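Heads up, the thing below is written out as C-alpha cells.
There are 2 protein chains.
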Amino acid sequence: MSKKQASAISPTRAEDFPEWYQQVIKASDLAERSAVRGCIVIKPWGYAIWENMVRILDGMFKQTGVKNAYFPIFIPLSFLEREAAHVEGFAKECAVVTHHRLEQGPEGGLVPAAPLTEPLIVRPTSETIIGDSFANWIKSHRDLPVLLNQWANVVRWEMRPRIFLRTSEFLWQEGHTVHATDKEAIERTHMMLDVYARFSEEILAVPVIQGKKSPAETFPGAIDTLCIEAMMQDRKAIQAGTSHFLGQNFSKAFQIKFQDKDENEAYGWTTSWGFSTRMIGAVIMCHGDDDGISLPPRIASSHVVLLPILRKPDDRERIMTYTETLARELKEKEYFDRKISVEIDDRNIGGARGWDWIKKGIPIRVEIGPKEVEKNIVYFGRRDKEPRYRESMEKNRFIQELPVILDDIQTTLYQNALAYREKYTVNIDQRDEFYAYFTSKNPEQPEIHGGFAISPWCGSGACEEKIKEDLGVTIRCIPLDAQQTETPCVGCGQRPARNVYFAKAY
Amino acid sequence: MSKKQASAISPTRAEDFPEWYQQVIKASDLAERSAVRGCIVIKPWGYAIWENMVRILDGMFKQTGVKNAYFPIFIPLSFLEREAAHVEGFAKECAVVTHHRLEQGPEGGLVPAAPLTEPLIVRPTSETIIGDSFANWIKSHRDLPVLLNQWANVVRWEMRPRIFLRTSEFLWQEGHTVHATDKEAIERTHMMLDVYARFSEEILAVPVIQGKKSPAETFPGAIDTLCIEAMMQDRKAIQAGTSHFLGQNFSKAFQIKFQDKDENEAYGWTTSWGFSTRMIGAVIMCHGDDDGISLPPRIASSHVVLLPILRKPDDRERIMTYTETLARELKEKEYFDRKISVEIDDRNIGGARGWDWIKKGIPIRVEIGPKEVEKNIVYFGRRDKEPRYRESMEKNRFIQELPVILDDIQTTLYQNALAYREKYTVNIDQRDEFYAYFTSKNPEQPEIHGGFAISPWCGSGACEEKIKEDLGVTIRCIPLDAQQTETPCVGCGQRPARNVYFAKAY
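Heads up: the protein sequence lines correspond to chains R and Z, in order.
The first sequence begins at 1257 in our numbering and counts up by one.
The second sequence begins at 1257 in our numbering and counts up by one.
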C-alpha cells in the first residue's frame, strides 16, 4: 500500500462535496443508477448495510410492542383524496397505474390495455390504505392501542434524483398506530422519535438533534411532525427520521371510530413514523473521508477482510491455511448482535487490493504474510486510523479482542461526528451575523456554509419563507424545550422569538 | 373448553374445502382481502409466519454463497419485450404505470397527469431489469459466478384472487445467477431446488416431490423449470417453489457477455428461482384441521400461549405473578433458531379463549389456575393432539423440555402430512383406471379426487392438453430420474412413455 495518492477519492470533500459523494458510492460499490429514471440498484455491499439496519431497528420497535404487517402497494385514488392536505402534499409525486394488461398495438409493439375503472397510486406512504383497515378492525376501546409497522418500498416521483438521498423508489419502514386518547398518541410519537434518536446515535454513530418541524415542514395531513436531524460533512442537515402526530385527521377521513369506556362513539388518535434507505446516504456523508466510506461496525456489511500476501508460490499453502483458520475462528465470535463477518480477498493485485477495502469502508483489514504465519500474529489496519497505520497483535489475542476493537471504532466514529457538529453549531442572535454565517466565503463552494445556527424565530411563516428565499436556509427543528428569548426574530428583527435550529439541508 | 361444537370451523374440510380455507384464515386472523381488488392485507399473526420463513430461508441461501441486493420495482416495457416467450407469458397480468403525477381534472377531482414517454410495468418478476444490470457488471470470467437474491413484492394481475394462493400483489424472493458454463448453471438450478425441498420439509413440515416441468408448464423464457410439489388435504397439488435454468435466453436478450479464459467473448448462462407467500397457503392446507390452522413450531408466529384462569379475584395476583414469571423464564430458552416466543391472554371470556388459540394454530396452550400455582406445575395442550388433551408437568421440567416438545410437534406434522400423501399417491398404468381415479365419486365435491397418480406419459403436448381438458388434471412434474416404462402413455394409449406425476392443482 505504498503508492498512496494524495487521497483515494477524487475530488476530495473540500474540492467538491456533491461529486465526492457520487465517487465514494461508486468506489465502494454500494449502489448505482438503474435504467429506470430515479430508481437505483442497491448492490450487495450496500444492501447488507440496510439488512443490518432493518434487523436492529425492527428489534427496537418490537421491544415497544409494535408488530409487523403488510398492506397493499396500491392505493385507490379516491383514498388519497379523502384527506385534503395529504393528497395535496403528494399529488405531484404519484406514479399512477392506469391499465392491467398489455396488448399488441396497431404498430406492432405492446401497449397498455384493460384500463382500470379507478386509477391506482403506487403508495407514496400508507396512512390512507392502512386507515381503511383500521376502520374495519377497531370497534371498541378494548381493541386499542393498535401498534403496527411495515417494511416496504414506496414511490415518490423524483425529478432530481440522487442515490439514496432522493430516489423515486426507496425502501423504508412506516409505523402506524391508533390510540384512545390524544395523550397516548402524543406519547407514542415521542417514544418512536426516541427510538430513532437512539438508533442513529448508538447504531449508526450519527449524532442527532431532536425537535418539532415548523408548520411549513410538517407532514401533509399531520398536526405535528417530530424529527431528528444530523449534520453532514458539508455542514448541511439531513432529516434522519420523522414521527407524526396525526390527531384525528385520518380517523375522520377514514372513520376510525370506537366505543369508549362510557359507551360513547369516539374517533381514534393516530400516529405514523418512518425511516428509510436515505439514512445510508447520511452514514456515507457523516463518516466518509477522502479515502472512501467508513462503516460503523454495528451496521458494516462485513467486519474484517483478510488479505493473504501470496508473493512466493512456496508460501501459498501455509499462508492460505493460516488465513482460512483465522477466518473460521473469527466467525465464531460475536460483535454486538451478530457473528463476526469475515471476507477473504486473495487477489494478487498489489496495493490496489488494500485500497479497495479502505474505499469500501470495512472496519478492519488484516494482512497475512510469511512473517505473520511464522510468529502466529496478525498485522492489521483500522478504517478509523490513517491508511498507513498498522498494529501487530498475537493472533489469539486479536480473536479475543476484536469485539472490543470494533466497539472502539464505533465510538470513535460517533465522537468524531459529534465533535464536528459541535464545532459548526453556533448561537447567533443578530440578523446581520445570521446572514453572514450562511453566505459562503468561497464562491466556488456556495454549498459549504457555516453550519447549524441556533437563532431566534418569531414563528411567522413569512419570516421562515424569506430566509429560505434569501439564503436557502430552513428551520430544521424547534427544540422540544425551546424557550422564549430576549432577542427578536432573525427574520423580521422585530417580534419576540424562540431559539430554533436553522441550516441548509438535503 | 367444555362447550366444544362438532368442530370449531364450519364448514369442515370434508364439507367444503375451499370455503373451509377461507374460514380458517378468518378465524386465525392471518390475512384478509383489502379495498384494492386482488391485493391482501397480511395481518400480524400471518406476517410473523412470513418473517420466520424469510429469516430461515435467507440463511440457507447465504450458506450457498448468495448475497442480497435490490433492483427497481419498475420495468420499462421495452425490457419486457426483449425476450419473446417471457413477455408473452406475462402480458396479460401487467399493472402498467403510465403517468407520474395527479392534477385537478375538468370535473374537479384529481386525474393522472404527466404521461411517461415509455410505460413502466410493476415487476411481475425481474429477469429483465436484473439482466440489464448483469450486462453492465460482467466483463470477464473472473466476475463469475454472480449469485444474487432479492426479497421483494411483485404484481401479477389476478382475475380470480384467493388469499395467499393467487393475489395480484405477493411477497417473494427471486434469486438470479450468472455462470460461465451451462454445467455450472444447471448445478445451481438443482442446488436451489434442493434448498427449497429441505426448507419445505424440515422447516414447513410440508413433504414435497421434486422434478421437472413439462414444456407447457415451463417458466416463460426458461429452458427448464424444476419444481417441488406438495399435496394439500383436498389431494390437490400446489407448486411450492421453482428453479429455472434460463440457458442463454436472457443473456442474449440483454447482452450478458464475458471474456472467457481463452479471451473469447461468450454469453453467460443464467438461472432464477423463487418462493413466495403462496406457501403460507400451502402450510394452512397441509396442516390445518376442522378446528383451525396448525402452525409448525419452526415458523409459528408464536410458540406458547399462557392462559391464566382468573375466576376468583383473590387468586388474581398470585396467578398473574406465576404466569409472568413463567413467561419470562420461557423467553430465555431457545427453540431451533430463535428464542421461545410467548403470548399471555388474560381475557376473562371462558372457553372461547382457548378455542381462539386453537384456531390460530399456536403449538402449545398452557392453562394456569390456583392448582397449578400451588403445585408449581403447568397444565398444557398441544395443537397436534385432540383439543381435550391436556398434560401436567412440573414447571421447571416443562421449561427445560419445551424445545423437545416443540420438535415433537414439528415431526408429527411432517409425518402426518407424509402419510397422507403416501395414502393418496398411486401408480396407475391404464388409461381407464386413470380417468376413473380423477373422476370424483361425489358430485357435490367434484374437487375431491383421487390424489397423485404416477402414470406413463409419452411426452406429447397434445396428450397433456387432452388430459387437462378432460379431467382438469396436469402433469405436476417429471421425476428427475424418470425411466421409460413398458406400458404406453395414459393419454394416447399408444406411444412409449415415462412415469410422471399427475394431479389437479392450485
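Glycine included, each C-beta is placed from N, C-alpha and C at the ideal position.
Model, not experiment: these values are computed from the prediction.
With a threshold of 16 other beta carbon atoms within 10 Å, K1595 (chain R) falls short and is exposed. Its chain contains C1745, G1747, C1748 and R1751 as the residues whose beta carbon lies nearer than 8 Å to that of S1716 (chain R), once the 5 sequence neighbours on both sides are disregarded; these appear in chain order.
Listed as beta-bridge partners of W1306 (chain Z) by DSSP are no residues whatsoever. Contact between P1712 (chain R) and T1741 (chain R) holds, since their C-beta atoms are separated by about 5 Å, short of 8 Å. When DSSP states are grouped into helix, strand and coil, I1385 (chain R) belongs to the helix group.
The DSSP-derived three-state label of M1649 (chain Z) is strand. Here the alpha carbons of R1293 (chain R) and L1372 (chain Z) stand approximately 11 Å from one another.
Taking a contact to require three or more Cβ pairs closer than 8 Å, the stretch 1484-1497 of chain R and the stretch 1349-1367 of chain R do not qualify as touching.
Listed in chain order, the positions of the stretch 1384-1396 of chain Z with a beta carbon within less than 9 Å of a beta carbon of chain R are I1385, I1386, D1388, S1389, N1392 and W1393. Using a Cβ-Cβ cut-off of 7 Å, Y1591 (chain R) does not count as an interface residue toward chain Z, since no Cβ of chain Z sits closer than that to its own.
Residue burial is scored here from C-beta neighbours: Y1303 (chain Z) has at least 16 other C-beta atoms within 10 angstroms and is therefore classed as buried. Here R1379 (chain R) has I1329, I1331 and V1410 as same chain residues with Cβ atoms under 6 Å from its own Cβ, once five neighbours each way along the sequence are excluded. Excluding the 5 residues flanking it on each side, G1321 (chain R) has same chain C-beta neighbours closer than 7 Å at L1403, in chain order. In this structure, the CA atom of S1389 (chain R) is about 8 Å from the CA atom of S1290 (chain Z). The beta carbons of G1431 (chain Z) and N1405 (chain Z) sit closer together than 7 Å.
Runs of the beta strand (DSSP E) lying entirely within the stretch 1387-1436 of chain R and spanning at least 3 residues, in chain order: 1402-1411 and 1425-1435. Among the bridge pairs identified by DSSP, Q1360 (chain Z) is matched with Z:L1366. Of all C-beta pairs linking the stretch 1640-1656 of chain Z to the stretch 1597-1604 of chain Z, fewer than three are shorter than 8 Å, placing the two stretches out of contact. The Cβ of W1613 (chain R) sits no closer than 7 Å to any Cβ of chain Z. Going by DSSP, T1445 (chain Z) is part of the alpha helix (DSSP H) stretching over D1438 to R1454. I1549 (chain Z) has a beta carbon lying at 7 Å or more from every beta carbon in chain R.
Chain Z has no Cβ within less than 7 Å of the Cβ of E1580 (chain R).
When the beta-carbon positions are compared, I1385 (chain R) and P1553 (chain R) stay at least 7 Å from each other. Non-local beta-carbon contacts of G1706 (chain R) in its own chain, meaning distances under 8 Å to residues more than five positions away in sequence, involve R1491, Y1680, V1682, Y1693 and F1694 in chain order. CA-to-CA, the gap between E1521 (chain Z) and H1356 (chain Z) works out to about 40 Å. Taking a Cβ-Cβ cut-off of 8 Å, the neighbours of V1343 (chain Z) in chain R comprise L1358 and L1366, given in sequence order. Taking every protein chain shown into account, the CB of Q1466 (chain Z) has 16 or more other CB atoms within 10 angstroms, so this residue is buried. At a cut-off of 7 Å between beta-carbon atoms, W1407 (chain Z) makes no contact with chain R. A1556 (chain R) carries a coil assignment under DSSP once its states are collapsed to helix, strand and coil.
L1482 (chain R) is bridged by DSSP to R:K1468 and R:S1499. Collapsing the DSSP output to three states places N1683 (chain R) in a strand.
Any Cβ of chain R closer than 7 Å to the Cβ of V1292 (chain Z) would place that residue at the interface, and such an atom is present.
Within chain R, the residues L1358, G1365, L1366, V1367 and P1368 have their CB atoms less than 9 Å from the CB of L1333 (chain Z), given in chain order.
In the displayed model, R1572 (chain R) falls within a helix according to three-state DSSP. Inter-segment contact for the stretch 1537-1553 of chain R and the stretch 1458-1476 of chain R is present: three or more beta-carbon pairs are separated by less than 8 Å. Interface annotation for the stretch 1272-1302 of chain R against chain Z: S1290, A1291, V1292, C1295, V1297, I1298, K1299 and P1300, criterion Cβ-Cβ distance under 7 Å.
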